[in-house]
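Report on the structure given below.
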């Protein structure tokens, strides 16, 4: 559908309006720093716990529940949820690599701890998992802050 | 590349603002959208309903502390329509730049 009645000035005003509201959307999507920190600590504790020894299903369930509650709390506080699933092929590839890395860290930690009985393995797996997720959350935060400040045009 | 396509449903000022606000988000709460646009509940409801009828917006309801909250997000076709409309606006805006 085309509309010849739209003047160029009207188009520019509409574009300015789009830009302003998109920036507002990005600004609203910025989560507080405690969100990324808390979530990464929770996951890191889970990784460390499971490579320490076999703790059974309960701690895992509690940590999963904690992660879900944390995400839900973040959404409730900001009133929005950002586009977390990557829209580009590069983004999808990065997510696949991240999942493989975290799975390798999780099961690798369990295997190394049990096979070689190294006491420091749980600490390292927990720290690496926490640090990885914290850096990703900081990257996402910076992305939204930059877009909120500069827009997309 | 996005195909430029004027969309009469999206072009109405409030609906364009709603779509633009939702575009970087997965979804947003009704009250947040209302506060950003500075419109009344009834005005926002009317425009969201129009966008839903066009298949551009989807809703989800949840309850927090016993209070019903409504979340709205752009559908895939809504995102596509907005991108096409913005591209059309850019082409029109470019005309004035080239003319002046």
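Protein chains in written order, with my numbering: chain C, 711 to 863; chain H, 11 to 110. We put the CB at the ideal spot given by N, CA and C, even for glycine.
**Q.** Beta-bridge partners of residue 790 of chain C, as assigned by DSSP
**A.** To locate residue 790 of chain C, count along the first chain from 1; it is residue 80. Looking at the DSSP output, residue 790 of chain C bridges to H/38.
Q: Find the residues of chain H that neighbour residue 716 of chain C, judging by a C-beta separation of less than 9 Å, and give them in chain order.
A: Walking along the first chain from the start, residue 716 of chain C turns up at place 6. Simply 16, 21, 98, 99, 102.
Q) Quick one, which of C/744, C/831, C/791 has its alpha-carbon nearest residue 845 of chain C's? A) Here residue 845 of chain C refers to the residue found at position 135 when the first chain is read from its first residue. For the residues C/744, C/831, C/791, the minimum Cα distance to residue 845 of chain C belongs to C/744.
Q. In chain order, what residues of the same chain lie with their CB nearer than 7 Å to the CB of residue 735 of chain C, ignoring the 5 residues before and after it?
A. Position 25 of the first chain, counted from the start, is the residue given in the question as residue 735 of chain C. Contacts found: none.
(Q) Measuring alpha carbon to alpha carbon, tell me which residue in C/729, C/731, C/739, C/727 is nearest residue 853 of chain C. (A) Residue mapping note: residue 853 of chain C aligns to position 143 of the first chain, counting from 1. Looking at the Cα atoms, C/739 is the closest of the given residues.
(Q) Per the DSSP calculation, residue 67 of chain H is bridged to which residue(s)? (A) Within the second chain, numbered from 1, the residue matching residue 67 of chain H stands at position 57. The partner list for residue 67 of chain H (beta bridge, DSSP) reads H/84.
(Q) Here's the rule I'm using: 16 or more other beta-carbon atoms within 10 Å means buried, otherwise exposed. How should residue 859 of chain C be labelled? (A) Counting from one through the first chain, the residue named residue 859 of chain C turns up at place 149. Flag for residue 859 of chain C reads exposed.
Q) Taking Cβ-Cβ distances shorter than 8 Å, what residues in chain H pair up with residue 725 of chain C? A) Here residue 725 of chain C refers to the residue found at position 15 of the first chain. Taking a Cβ-Cβ cut-off of 8 Å, the neighbours of residue 725 of chain C in chain H comprise 96, 99, 100, 103, given in sequence order.
Q: Mind checking who residue 74 of chain H pairs with in its DSSP beta bridge?
A: As a working mapping, residue 74 of chain H is identified with position 64 in the second chain. In the DSSP output, where bridge partners are listed per residue, residue 74 of chain H has H/77.
Q: Using a Cβ cut-off of 9 Å, pull out every chain C residue sitting near residue 91 of chain H, in sequence order please.
A: Counted from its first residue, the second chain places residue 91 of chain H at position 81. Here the premise fails: no neighbours, minimum Cβ distance about 10 Å.
(Q) Which residue wins for smallest C-alpha separation from residue 774 of chain C, given the options C/786, C/752, C/789? (A) As a position in the first chain, residue 774 of chain C is number 64, starting the count at 1. Of the candidates C/786, C/752, C/789, the one whose C-alpha sits nearest the C-alpha of residue 774 of chain C is C/752.
Q. Is the Cβ of residue 27 of chain H closer than 8 Å to any Cβ of chain C?
A. Translated into positions along the second chain, residue 27 of chain H becomes position 17. Residue 27 of chain H counts as touching chain C.
Q: State the CB to CB distance for the pair residue 864 of chain C and residue 35 of chain H, rounded to an integer number of angstroms; the pair is presumed to be in contact (CB under 8 Å).
A: With chain C covering only 711 through 863, there is no way to say anything about residue 864 of chain C.
Q) Considering only the beta carbon of each residue, do residue 101 of chain H and residue 15 of chain H sit closer than 8 Å? A) Along the second chain, one-based indexing puts residue 101 of chain H at 91. Along the second chain, one-based indexing puts residue 15 of chain H at 5. For the 8 Å CB-CB criterion, residue 101 of chain H and residue 15 of chain H do not form a contact.
(Q) Short of 7 Å Cβ to Cβ, which residues in the segment 722 to 753 of chain C face chain H? (A) Listed in sequence order: 722, 724, 725, 727, 728, 731, 732, 734, 735, 736, 738, 739.
(Q) To be precise: take each residue of the segment 773 to 804 of chain C, compare its Cβ to all Cβ atoms of chain H, and keep it if any distance is under 7 Å. Which residues remain? (A) Across the segment 773 to 804 of chain C, CB contacts with chain H closer than 7 Å involve 786, 789, 790, 791, 792, 793, 794, in sequence order along the chain.
Q: Determine the DSSP secondary structure at residue 48 of chain H, reduced to helix, strand or coil.
A: Position 38 of the second chain, counting from 1, holds the residue named residue 48 of chain H. Correct three-state label for residue 48 of chain H: coil.
Q) Just checking my contact of residue 31 of chain H with residue 46 of chain H at CB under 8 Å: how many whole Å lie between their CB atoms? A) Here residue 31 of chain H corresponds to residue number 21 of the second chain, with the count starting at 1. Here residue 46 of chain H corresponds to residue number 36 of the second chain, with the count starting at 1. Between residue 46 of chain H and residue 31 of chain H the Cβ distance is about 5 Å, and since that is below 8 Å, they are a contact.
Q: Work out the CA separation of residue 840 of chain C and residue 61 of chain H for me, nearest whole Å.
A: To locate residue 61 of chain H, count along the second chain from 1; it is residue 51. To locate residue 840 of chain C, count along the first chain from 1; it is residue 130. If I take the Cα positions, the gap works out to 41 Å.
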